[in-house]
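The opening residue of the sequence shown carries number 29 in the working numbering; numbering runs sequentially from there.
Note that CB positions come from ideal geometry on N, CA and C, so glycine has one too.
One structure below.
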Amino acid sequence: MISSAQSIAILGGGSLATSIFAGLRRAHATFADVRVTTRSPGSATGWRELGVPAVATEDDPSANKDAVRHADLVLAAVKPAQTPALVSEIADSLRPGAVVVSLAAGVRCATLEDLLPEEVGVIRAMPNTPAAVGAAMTGLSRGAHATDAQLEHTAAFFRLVGEVLVVEEAQMDAFAAVAGSGPAYVFYFIEQYTRAAATLGFDQEQARVLAERTFAGATELLISSGAEPAELRRRVTSPKGTTERAVAKLEEAELEALFTRAAAAAIERARELSQAV
Ligand SMILES: NC(=O)C1=CN([C@@H]2O[C@H](COP(=O)(O)OP(=O)(O)OC[C@H]3O[C@@H](n4cnc5c(N)ncnc54)[C@H](O)[C@@H]3O)[C@@H](O)[C@H]2O)C=CC1
Ligand SMILES: O=C(O)[C@@H]1CCC=N1
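What follows is the structure in C-alpha cells.
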C-alpha cells in the first residue's frame, strides 16, 4: 500500500497535477518526500508557496532527473507529445523499483517501456480533475514490466483522491473519453443550462445558482439514494405534467447518439496522439 514512507515525484505541475495535489492535501496524505517540476519559474513559485519543493526546468535543466532520484512513484504529468522526451530524460536517474506512471492521453505503455531500462515498470493512469475534492474516477492499466505490487501501490495512491478502476490498456482511450474528459462535458452542460435559465428572466447570478444547485442536488440524490437515474427521473415526471413535455423535447436531441459521437471523437484524438509520439 502507498505509505508515508514513500517518495513521490510529480513531473509537470500543471492543471491535472494541481488537482491531484489538492486532493492529496484534502486527504491529509503524507509522504516521505514530494517533489514537483514545472517548465516555467512562475509555476514553480506557485508550488513552493503551497509548501512543495518545486524546481523549474528553465531554471535548472536537471530538475526532472534530480526529482526522480529518490522517488518510488514518478508521475509524468506533461502533455502527451512531451511525455516520451521526459521519460527518456529521467531513464537513467530512476531508483531501482521505481514505477513510472504516465497520465498522458493516448501514449501507450510500450512506447515508454522502449525508452526505459527493462526493470522499470510503467503504468498508465487516467484520473480526472474532481481529484481536487477527493472525487476522481481514475483508470489504471499496467504495462508489460510493472509488477502486481506496483499496480497496487499506484491504485492505493489514486484511491487517496477518489475511485480507481483497473482496465486493459486497450480500454484506456475509451476510459479517457468517458471519465478523463467527462468533467468537461458536465461543466459544458451546466454552462448551457445556466445560459438557458438566464433567458427566462433570471439574472446571471440567479441563473447560476438555479443551474448549479439543481445539478448538485440531483447528483447528490442519485449517489445517496442508490436508485437508478431512470427511477429518480420518473419520480419527478408527473403524468401529463410539465416535466413530461420538457423531457420529450430533450429526447428529440438524441443525446445517447450525441454522447457516442463525442466519445468517438475523443478516442480518435487519442489515436492521433499515440501516433504522433
Ligand atoms: N487536465 C485533465 O483533466 C487531464 C489531463 N490528463 C493528462 O495529463 C497531462 C497533463 O495535462 P494538464 O495538466 O491538463 O496539462 P498542463 O499543460 O496544465 O500541465 C502540463 C505541465 O507540464 C509542464 N511541463 C512541460 N514540459 C515539462 C518538462 N519537460 N518538465 C517539467 N514540466 C514540464 C508545463 O509547464 C505544464 O505546467 C496530459 O498528458 C494530459 O493528457 C489526463 C487526464 C485528465
Ligand atoms: O483533454 C485532454 O487531452 C486530457 C485527457 C483527458 C482530459 N484531459
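Strand pairing of residue i, partner residues [DSSP]
| i | result |
| --- | --- |
| residue 142 | Paired residues: none, contrary to the question. |
| residue 167 | 154 and 193 |
| residue 149 | 127 |
| residue 80 | Paired residues: none, contrary to the question. |
| residue 38 | 64 and 103 |
Span of the alpha helix (DSSP H) around residue i
| i | result |
| --- | --- |
| residue 220 | 210–226 |
| residue 238 | 232–253 |
| residue 26 | This structure leaves residue 26 out entirely; the chain is present only between 29 and 305. |
| residue 272 | 270–280 |
| residue 188 | No alpha helix (DSSP H) holds residue 188; DSSP gives it neither H nor E. |
| residue 19 | The chain is shown from 29 up to 305; residue 19 falls before or after that span and cannot be answered. |
| residue 116 | 111–118 |
| residue 260 | 257–264 |
| residue 96 | 91–96 |
| residue 204 | Element bounds for residue 204: n/a, residue is neither H nor E. |
The stretch 123–141 / the stretch 63–72 touching (three or more Cβ pairs under 8 Å):
no
Can at least three beta-carbon pairs, one atom from the stretch 162–172 and one from the stretch 186–201, be found at a separation below 8 Å?
Cβ pair count under 8 Å is three or more, so yes.
Pair every Cβ in the stretch 264–273 with every Cβ in the stretch 172–186, then say whether three or more of these pairs are closer than 8 Å.
no
Looking at C-beta atoms only, is the number of pairs between the stretch 272–289 and the stretch 117–126 that lie closer than 8 Å three or more?
no
Quick one: residues with CB closer than 6 Å to any heavy atom of ligand 2, in chain order, please.
133, 204, 208 and 209
Per the contact definition of three or more C-beta pairs closer than 8 Å, is the stretch 77–95 in contact with the stretch 110–120?
Three or more pairs of CB atoms, one per stretch, sit closer than 8 Å, so the stretch 110–120 contacts the stretch 77–95.
Cβ contact (3+ pairs, closer than 8 Å) linking the stretch 100–112 and the stretch 49–58:
no
Between the stretch 185–192 and the stretch 208–217, are three or more C-beta pairs nearer than 8 Å?
Between the stretch 185–192 and the stretch 208–217, the count of Cβ pairs shorter than 8 Å is below three; the stretches do not touch.
Kindly confirm or deny that the stretch 32–42 and the stretch 142–161 touch, where touching means at least three C-beta pairs closer than 8 Å.
no
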